[in-house]
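Input: a single structure, listed below in structure tokens.
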Amino acid sequence: MNEKIASEPSCADPFEPGMISLAEALAQIEARVRPVIACERLPIRDCLNRVNNEAVKSPRDVPPAANSAMDGYAIAIDSLAEAGITEFDMIGSAFAGKPFDGTCAAGECVRIMTGALLPAGTDTVVMQEQTEIGKDGKIRIDAEHRAGENIRRAGEDIKQGEIVIEAGVRLNPADLGVLASLGIAKLQVRRKPIVAFFSTGDELMSVGEKLKPGMIYDSNRYSLHGMLARLPVDTLDLGVVRDNPDSMRAALEDAASRADLIISTGGVSVGEADYIKPALADLGTTEFWKIAIKPGRPLTFGQIGSSIFMGLPGNPVAVMVTFSQFVEPAIEVLSGTNMRPPRLLPARALDSLRKKPGRTEFQRGIATLDADGRWQVSKTGKQGSGILTSMSRANCLIVLPDDNAGVEPGDEVSIQFLDWAR
Ligand code: AMP
Ligand code: MG
Numbered sequence: 003m004n005e006k007i008a009s010e011p012s013c014a015d016p017f018e019p020g021m022i023s024l025a026e027a028l029a030q031i032e033a034r035v036r037p038v039i040a041c042e043r044l045p046i047r048d049c050l051n052r053v054n055n056e057a058v059k060s061p062r063d064v065p066p067a068a069n070s071a072m073d074g075y076a077i078a079i080d081s082l083a084e085a086g087i088t089e090f091d092m093i094g095s096a097f098a099g100k101p102f103d104g105t106c107a108a109g110e111c112v113r114i115m116t117g118a119l120l121p122a123g124t125d126t127v128v129m130q131e132q133t134e135i136g137k138d139g140k141i142r143i144d145a146e147h148r149a150g151e152n153i154r155r156a157g158e159d160i161k162q163g164e165i166v167i168e169a170g171v172r173l174n175p176a177d178l179g180v181l182a183s184l185g186i187a188k189l190q191v192r193r194k195p196i197v198a199f200f201s202t203g204d205e206l207m208s209v210g211e212k213l214k215p216g217m218i219y220d221s222n223r224y225s226l227h228g229m230l231a232r233l234p235v236d237t238l239d240l241g242v243v244r245d246n247p248d249s250m251r252a253a254l255e256d257a258a259s260r261a262d263l264i265i266s267t268g269g270v271s272v273g274e275a276d277y278i279k280p281a282l283a284d285l286g287t288t289e290f291w292k293i294a295i296k297p298g299r300p301l302t303f304g305q306i307g308s309s310i311f312m313g314l315p316g317n318p319v320a321v322m323v324t325f326s327q328f329v330e331p332a333i334e335v336l337s338g339t340n341m342r343p344p345r346l347l348p349a350r351a352l353d354s355l356r357k358k359p360g361r362t363e364f365q366r367g368i369a370t371l372d373a374d375g376r377w378q379v380s381k382t383g384k385q386g387s388g389i390l391t392s393m394s395r396a397n398c399l400i401v402l403p404d405d406n407a408g409v410e411p412g413d414e415v416s417i418q419f420l421d422w423a424r
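Using my numbering, you'd call the opening residue of the sequence shown number 3 and step up by one each time.
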């Protein structure tokens, strides 16, 4: 007998009708997530990683006045003979924060330190190392100098009125320094998005409870907590929601009343009682996407009231991969900034990697530098989407694009470091 069961489409298939690509899913998310509009004015320290609401125009020149970039002597270049050595009388000193308040005449110089204001009558600083002090105490300088040398000009870094930080950018540590250099103490930034999350499943118990037969501990809420805690969002942990329509509806309603983004895990597989779908249909508009990726093919995306809903798969690795590929970009848009392009680096594969064409795969990798300073990557053992240790041991994802049909040792692959790579 050669009978065969005509199987239904499943995640074992490389491709099935109605699948969308990773890029299409991201484009949909980008088009449909509306940013948080509300703002708050905060001391600049508290603005780190927050999204700037209005372009910042510089109220002043930085540096505010011309000053010295070196320790040396300030002179007027016109005092310098065209050839040979010129001797100068030193008439005083200028320190950072303690300017020389006289005026330098022809043939005179002022001893000057880095950061000190350029004294009146001077336009050039000659480095100390390029001068000599004569027996008579005069400062001897040769002709090999040009006007303006070793001077930081007023406004050289920032000009008054110039836009220094655009609206809609996430503020980095250097931005805080720039704001401080302008004397700006507070800034208007977007409110942090509020992200609610819960796990679904009758089999789930929480840490601290004694594990009953047939049950497993809920790990997704902890890895989600960990990933969310690294982001500038406020979080609401709504616990475990049981697989029944009433609990699901109550959880979604509660989440939608308090959060900008709702994340659930589990409850989207074919086999199990499907409680999310009807609850979602009652409460909002949702689509069930099959994305051509592995792990993490099914993703629910939609809207409940004014909140965005993202239903992630249940498998622990799939949760983390879909979070990094879809939830984080959604949070970027929600925060009022642009999606960041994925940071991919080339690396040489050390292992062979099995892969069918037709979908993008995210295998878990450990990247190290080889003797030539180039990245090489090995996989973290078993790659099943329930094998969470593959993720905890990894420092990167090995991203194998749709058309890739497998990797041999020595092939070049793309890797994406995990934010928490060690
Ligand atoms: P589901 O999509 O709900 O069918 O879940 C798929 C697989 O992931 C099942 O083996 C679940 O037991 C497991 N799973 C679902 N949610 C969790 C969770 N919160 N923690 C650990 N495993 C989970
Ligand atoms: Mg389940």
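Think of the CB as a built atom: it goes at the ideal place given N, C-alpha and C, for glycine as much as any other residue.
{"Asked": "Ligand 1 and ILE218: does any heavy atom of the ligand fall closer than 7 Å to the residue's C-beta?", "Found": "yes"}
{"Asked": "Run the CB neighbour count on VAL209, radius 10 Å, all protein chains shown included, and call it buried at 16 or more, exposed below.", "Found": "exposed"}
{"Asked": "Within the segment 235 to 290, note down every full beta strand (DSSP E) run reaching 3 residues or more, in order along the chain.", "Found": "236 to 243 and 263 to 267"}
{"Asked": "On a Cα-Cα basis, can you pick out the residue from ASP177, ILE389, ALA294 and ALA118 that is closest to GLU26?", "Found": "ALA294"}
{"Asked": "GLU164 to ALA257, Cα distance in whole Å?", "Found": "43 Å"}
{"Asked": "I'd like to confirm something about THR391: is its beta-carbon nearer than 7 Å to some heavy atom of ligand 1, or not?", "Found": "no"}
{"Asked": "Rounded to the nearest angstrom, how far is the Cβ of CYS106 from that of ALA149, given a contact under 8 Å?", "Found": "Not a contact, Cβ separation roughly 15 Å."}
{"Asked": "What residue range is occupied by the uninterrupted alpha helix (DSSP H) comprising SER309?", "Found": "Where SER309 is concerned, there is no enclosing alpha helix (DSSP H), although the beta strand (DSSP E) it sits in stretches over 309 to 314."}
{"Asked": "Could you tell me which residues DSSP pairs with THR133 in its beta bridges?", "Found": "ILE143"}
{"Asked": "Check SER201 in the structure and name its three-state DSSP category.", "Found": "strand"}
{"Asked": "Going by DSSP, what residue range makes up the beta strand (DSSP E) through ALA351?", "Found": "347 to 351"}
{"Asked": "Using 8 Å as the Cβ pair cut-off and three pairs as the minimum, do the segment 65 to 84 and the segment 121 to 137 touch?", "Found": "yes"}
{"Asked": "What does the alpha-carbon distance come out to for the pair PRO403 and PRO315?", "Found": "21 Å"}
{"Asked": "Could you check whether ALA253 and PHE200 sit closer than 8 Å to each other, using their CB atoms as the reference points?", "Found": "yes"}
{"Asked": "Would a C-beta distance cut-off of 8 Å place MET217 and PHE325 closer than the cut-off?", "Found": "no"}
{"Asked": "Find the nearest neighbour of ILE264 within the set ALA283, GLY313 and GLU414, judged by alpha-carbon distance.", "Found": "GLY313"}
{"Asked": "What distance in whole Å lies between the Cβ atoms of MET92 and CYS111, which are believed to be in contact at a cut-off of 8 Å?", "Found": "6 Å"}
{"Asked": "What separation, rounded to the nearest whole angstrom, lies between the Cα atoms of PHE102 and PRO121?", "Found": "6 Å"}
{"Asked": "Of all the options GLN385, LEU371 and GLY386, which has the alpha carbon lying nearest to the alpha carbon of VAL379?", "Found": "LEU371"}
{"Asked": "Just verifying my parser: in three-state terms, what is the DSSP assignment at GLU110?", "Found": "strand"}
{"Asked": "Within 7 Å: the Cβ of THR202 and any heavy atom of ligand 2?", "Found": "yes"}
{"Asked": "According to DSSP, is GLN30 part of a helix, a strand, or is it coil?", "Found": "helix"}
{"Asked": "Helix, strand or coil for VAL323, going by three-state DSSP, please let me know.", "Found": "helix"}
{"Asked": "What are the boundary residues of the alpha helix (DSSP H) that GLY386 is part of?", "Found": "Here GLY386 belongs to no alpha helix (DSSP H), and DSSP marks it neither H nor E."}
{"Asked": "Heavy atom of ligand 2 less than 7 Å from the Cβ of GLY428, yes or no?", "Found": "Not covered by the structure: residue 428. The range shown for the chain is 3 to 424."}
{"Asked": "Ends of the beta strand (DSSP E) at ALA369?", "Found": "362 to 371"}
{"Asked": "I believe LYS194 touches ASP236 by the beta-carbon criterion, under 8 Å. Please report the beta-carbon distance rounded to the nearest angstrom.", "Found": "5 Å"}
{"Asked": "Helix, strand or coil, according to DSSP, for GLU334 in the structure here?", "Found": "helix"}
{"Asked": "Comparing the CB of ARG223 with every heavy atom of ligand 4, is any distance shorter than 7 Å?", "Found": "As far as ligands go, the structure on display features ligand 1 and ligand 2 and does not contain ligand 4."}
{"Asked": "Which residues in the same chain have their Cβ closer than 7 Å to the Cβ of GLY383, if we skip the five residues on either side of it in sequence?", "Found": "SER392"}
{"Asked": "At a threshold of 7 Å, does ASP245 count as lining ligand 2 (C-beta to nearest heavy atom)?", "Found": "yes"}
{"Asked": "Using C-beta distances below 8 Å, list every residue in its chain close to SER354, excluding the 5 sequence neighbours before and after it, in chain order.", "Found": "GLY408, VAL409, GLU410 and PRO411"}
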